[in-house]
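Novice: Structure provided below as structure tokens; questions to follow.
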Amino acid sequence: MPVVNRIADMSDEIMAWRQHLHSIPELGLECHKTQAFVAERLREFGVDELHDGIAKTGIVAIINGRGDGPTIGLRADMDALPMDETADLEYASTHPGKMHACGHDGHTAMLLGAAKYLAETRNFSGRVALIFQPDEEDGGGGEQMVKEGIMERFDIGQVYALHNSPTDDFGTFNINPGAIMAAADEFTIHITGVGGHAARPQSCVDPVLAGCATVQALQSIVSRNNDPLELLVISVTQIHSGSAHNVIPESCTLTGTVRTFDKKVQAMAVRRMEEIIAGQAASFGVEARLDYKYGYPPTINHPAEADFAAEVAREIAGEAAVDTNTPPAMGAEDFSYMLESRPGAYLKLGQGESPGCHHPQYNFNDEIGPIGASFFVRLVERAQPVAGS
């Protein structure tokens, strides 16, 4: 069974929703225009309950099926990125410095398409909880929605999400039964020396030299302390120091990220960072301090739910278009908090070759909108069939 016929009929409507959302990108928890647009559509569809203001601008909408049964959750993220768009689109961002560069506009439109179909047909038992989540990109809106009790409040038994993938072939689904996205931590290293004239370095204690040596030494954690079969990334992404060509500054700041899948690897990385930073500080005669911020946990699919999601994907896309052994990615996703709270699965839906996510010319491929909406619909209908059907 390919794309559901009724959803195919909605293709232009799903595309129009997506392109409107693309033009009004919003950041973090401040997705007010997006929330209003989504809520207006859901009311038009006739959902049975609409609960807004969760995680500030998040929404959970309930659609009742035919007869008693459990509640299945479907999640779409709504927020954009703080960057300027360079693609020449009729519906390009109208909010300077903000852009839907990760396809969350498309995720929201796909779930709206599924919502309209499910509210019309109600060919399922129990309930569907439609979760429209703000602040995936930076602040952990998924964690906040879980902490505000959506799983318990709406009695959600299992939960699923889709993310577009510009690196995968059009219409393909990619999943595995375990870790699929990494934990993402942040760190800042503060180095303090003694500033002075650059022509008299002997009277100074140079924090820039210590910082450069620290950057190099940190890479030994991956190459010499970590098991080569365990995934680990440590990247220093910023170095801030100095104000003039002839001044040795007093301080240097390094920032970066650590990506892991295993808590033991994560703990080892933090321990070795602390040891290396202390060692480099002693070597260069500076003071140094590590501030380590634990971020999103790894996104780990539940095996039974991942297998079920793959079955549904095969129904939509065909056997050859579903990869159940997709390797884990080092990017992070706050759907991880929902999967820590309830069983479920996270899949990637290929949109064909295009600029990648977070690129200033990225654009969601509207042709996959009906595919994603059909997947959500069949997931519900197969997970919670009407009794006797």
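Here the working numbering is used: the first residue of the sequence shown is 35, the next is one more, and so on. By construction, the Cβ of each residue, glycine as well, lies at the ideal position given by its N, Cα and C atoms.
Tell me the residue span of the alpha helix (DSSP H) that contains residue 154.
Specialist: That run of the alpha helix (DSSP H) goes 138-155.
Novice: To the nearest angstrom, how far is the alpha carbon of residue 376 from that of residue 184?
Specialist: Using only the alpha carbons, I get a separation of about 11 Å.
Novice: Compute the beta-carbon to beta-carbon distance between residue 162 and residue 414, rounded to the nearest angstrom, for a pair I have assumed lies under 8 Å.
Specialist: Indeed, because the Cβ distance is near 5 Å, the residues count as touching under 8 Å.
Novice: Skipping 5 residues on each side, what residues in its chain have a beta carbon closer than 7 Å to that of residue 123?
Specialist: Hits under 7 Å: 397.
Novice: Out of 174, 144, 105, point me to the one whose CA is closest to residue 366's CA.
Specialist: The candidate whose alpha carbon is nearest that of residue 366 is 174.
Novice: In the DSSP assignment, the beta strand (DSSP E) including residue 403 goes from what residue to what residue?
Specialist: No beta strand (DSSP E) contains residue 403, which is instead part of the alpha helix (DSSP H) from 403-417.
Novice: Just to check my reading of the structure: residue 82 and residue 97 have Cβ atoms closer than 8 Å, yes? What is that Cβ distance to the nearest angstrom?
Specialist: About 6 Å separates the two Cβ atoms, so the contact holds.
Novice: For residue 49, which three-state DSSP category applies?
Specialist: It is helical.
Novice: Spatial neighbours of residue 226 within its chain, please: CB distance less than 7 Å, with the 5 preceding and 5 following residues excluded, ordered by chain position.
Specialist: Around residue 226: 241, 284, 285, 320, 321.
Novice: I'd like to know whether the C-beta atoms of residue 62 and residue 168 end up nearer to each other than 8 Å.
Specialist: A contact, by the Cβ cut-off of 8 Å.
Novice: Could you pull the start and end residues of the alpha helix (DSSP H) that residue 254 belongs to?
Specialist: Looking at the DSSP string, the run of the alpha helix (DSSP H) that includes residue 254 is 241-254.
Novice: Cβ atoms of residue 133 and residue 115: under 8 Å apart, would you say?
Specialist: The answer is yes: Cβ separation under 8 Å.
Novice: May I have the straight-line CA-CA distance separating residue 198 from residue 136, to the nearest angstrom?
Specialist: Answer to the nearest angstrom: the Cα atoms are 8 Å apart.
Novice: In angstroms, rounded to a whole number, what distance separates the CA positions of residue 130 and residue 77?
Specialist: If you take the alpha carbons of residue 130 and residue 77, they lie about 30 Å apart.
Novice: To test your reading of the DSSP string, which unbroken beta strand (DSSP E) runs of 3 or more residues are found completely within the segment 276-317?
Specialist: With a minimum length of 3 residues, the continuous beta strand (DSSP E) runs that stay inside the segment 276-317 are 285-294.
Novice: Using only the alpha-carbon positions, how far apart do residue 256 and residue 300 sit?
Specialist: Going by the C-alpha atoms only, they are around 11 Å apart.
Novice: How close, in whole Å, do the beta carbons of residue 351 and residue 206 come, if the pair is a contact with beta carbons under 8 Å?
Specialist: Contact flag correct, Cβ pair sits at about 7 Å.
Novice: Using the C-alpha atoms, what's the distance from residue 406 back to residue 52?
Specialist: Straight-line Cα distance between these residues: approximately 13 Å.
Novice: With three or more beta-carbon pairs closer than 8 Å as the criterion, would you say the segment 270-277 touches the segment 245-259?
Specialist: Yes: the two stretches touch, three or more of their Cβ pairs being nearer than 8 Å.
Novice: Rounded to a whole number of angstroms, what is the C-alpha to C-alpha distance between residue 86 and residue 260?
Specialist: Using only the alpha carbons, I get a separation of about 45 Å.
Novice: Is residue 359 near the ligand GTP, judged by its Cβ being under 7 Å from some heavy atom?
Specialist: Among the components modelled here there is no ligand, and therefore nothing to report on the ligand GTP.
Novice: In angstroms with no decimal places, state the Cα-to-Cα distance between residue 150 and residue 402.
Specialist: C-alpha separation (whole angstroms): 17 Å.
Novice: For residue 340, which residues from the same chain have a beta carbon less than 6 Å from its beta carbon, with the 5 sequence-adjacent residues on both sides left out?
Specialist: The residues are 209, 211, 379.
Novice: Which of the three DSSP states, helix, strand or coil, is assigned to residue 325?
Specialist: In the structure shown, residue 325 sits in a strand (DSSP, three-state: E or B).
Novice: Put residue 392 into one of helix, strand or coil per three-state DSSP.
Specialist: Correct three-state label for residue 392: coil.
Novice: Might you give, ordered along the chain, the residues of its own chain that have their beta carbon closer than 6 Å to the beta carbon of residue 99, omitting 5 neighbours on each side?
Specialist: 156, 158, 159, 160.
Novice: Determine the DSSP secondary structure at residue 131, reduced to helix, strand or coil.
Specialist: Here residue 131 sits in coil by DSSP.
Novice: Which two residues bound the contiguous alpha helix (DSSP H) that contains residue 373?
Specialist: Residue 373 -> alpha helix (DSSP H) spans 370-375.
Novice: Using the C-alpha atoms, what's the distance from residue 170 back to residue 64?
Specialist: Rounded to whole angstroms, residue 64 to residue 170 spans 12 Å at the Cα level.
Novice: If you drop the 5 nearest sequence neighbours on each side, which residues of the same chain put their C-beta closer than 7 Å to that of residue 41?
Specialist: The answer, listed in chain order, is 147, 151, 404, 407, 408, 411.
Novice: Considering only residues of the same chain and omitting the five flanking positions on each side of residue 303, which have a CB-CB separation below 7 Å?
Specialist: So the list reads 255, 266, 268, 292, 294, once near-sequence residues are dropped.
Novice: Return the CA-CA distance between residue 335 and residue 318, expressed in angstroms with no decimal places.
Specialist: Each residue's alpha carbon lies about 45 Å from the other.
Novice: Using only CA atoms, which one of 50, 416, 391 lies nearest to residue 117?
Specialist: Out of 50, 416, 391, 391 has the C-alpha closest to the C-alpha of residue 117.
Novice: Between which residues of its own chain and residue 126 is the CB-CB distance below 8 Å, once the five residues before and five after are set aside?
Specialist: 56, 57, 119.
Novice: Compare the beta carbon distance of residue 281 and residue 232 with 8 Å and say whether it is the shorter of the two.
Specialist: Yes.
Novice: In three-state terms, what does DSSP make of residue 207?
Specialist: Residue state, collapsed to three classes: strand.
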